[in-house]
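A short write-up of the structure that comes next.
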Amino acid sequence: MQLGIRLHDVNSALPPQAQTLERRAQTAREEGFSCVHLALSKVIPGVSFDECALTEGLAMHVRRVLAQNELDTAVLGCYLNLAHPDPDLLRNIQSRYYGHLRVAALMGAGVVGTETGAPNPEYKTDAATHTQGALNTFVRNLAPVVERAERLGVSLAIEPVWKHIVYDADRAMEVLRAIQSPNLRIIFDPVNLLYAGNADNRERVIEHAMDTLAEHIAVVHLKDFTREGEELRAVAAGLGEMDYAPILRFLKARKPYIQATLENTSNDNAVQSRELLQRLYEE
């Protein structure tokens, strides 16, 4: 297992001069990580990163900075709403995906990662989010993005999240069967499959997801959760209720050298979380 981190979580509590791409990459390597989840707009401030900005030169610069620090890009994030109801805005969103795919190809990124949106402009869970109509819209809008990924030789990975259109493993399989592309993959985030109504049965939920999606999982996100009333709050690995043993056993048995990036870490606990997961994996 190759453990990584969201690069925008690195140095996040330090002064702005420590939050450049270059300084974050240096710190990530010093903290023992080998790969990153990269959200360009969160580590290079002041740029919109529309398709116009996503140039070959940008790709080469980012690749060089990460290579100098012996870091791979596990995920190039493009977490936009592919179910947006405004057709003009949707075309703009799709163009941003095309640009990220082009940059990913030049950078050698593992996947371009995305969540699956909601059928409203606010990107909020509503009564229609889990409907078949919303899923059909997402699949229709996703299809040309995956086609572009195929042409560029890049993988696009969708991340099932309870609050979004693709909310569980079975729903994710519907998308995979509808698109039928080897370039469409899965980012497996166990905590994102949970909500207050299934958190007490999380072992069953997570096991079902691993069994169902096993061959399609390209990258893993690792975090933890605590409860605040009826809501789950994401926290760094080791600070909540998660039992990682079944997940790490699955990864060790079936996903050699998979890249697994930590989420919701801070400057104070990133190394602690990495060491915990590494120790559990080795045990």
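So my numbering is basically just the index in the sequence shown, starting at one, shifted up by 757.
In this text, a Cβ means the ideal position worked out from N, Cα and C, and glycines have one as well.
From a predicted model like this one, the values you see are computed outputs, not experimental measurements.
Exposure of residue i, with buried meaning 16 or more beta-carbon neighbours within 10 Å
i    : result
K881 : exposed
M758 : buried
G814 : exposed
R942 : buried
V902 : buried
Q774 : exposed
A824 : exposed
V804 : exposed
For residue i, the three-state DSSP class (helix, strand or coil)
i     : result
D1000 : coil
A994  : coil
T886  : coil
Q1035 : helix
A775  : helix
T894  : helix
A1017 : strand
V869  : strand
Cβ-based neighbour list, residue i, same chain, cut-off 8 Å, excluding 5 preceding and 5 following
i    : result
L847 : L839, H841, N898
N826 : A782, Q783, A785, R786
Contacts around residue i, its chain only, beta-carbon distance under 7 Å, and the 5 residues preceding and following it disregarded
i     : result
G789  : V1028, R1031
W919  : N949, L950, L951, Y952
A891  : A840, P876, A885, I922
Y1038 : M758, L1005, K1009
Whole-number beta carbon distance between residue j and residue i, since they are thought to touch under 8 Å
i     : j    : result
A1020 : H973 : In the sequence as displayed, the identity of residue 1020 is Glu instead of Ala. Rounded, the Cβ-Cβ distance is 20 Å, inconsistent with contact.
D807  : R859 : Incorrect: roughly 12 Å between the Cβ atoms, too far for contact.
H921  : T969 : Not really, about 17 Å apart at Cβ, beyond 8 Å.
Chain-order list of residues whose beta-carbon lies under 6 Å from that of residue i (same chain, five-residue window excluded)
i     : result
A861  : L833, V869, V911
I801  : L778
H1022 : Correcting the residue type first, residue 1022 is Thr in the shown sequence and not His. D766, A993, S1030.
G997  : D981, F982, T983
A770  : N1024
Curious, which full-length alpha helix (DSSP H) runs of at least 4 residues does the region 913-990 contain?
926-936, 959-970
What residue ranges within the region 791-867 form continuous alpha helix (DSSP H) runs of no fewer than 4 residues, ordered along the chain?
797-800, 813-825, 844-864
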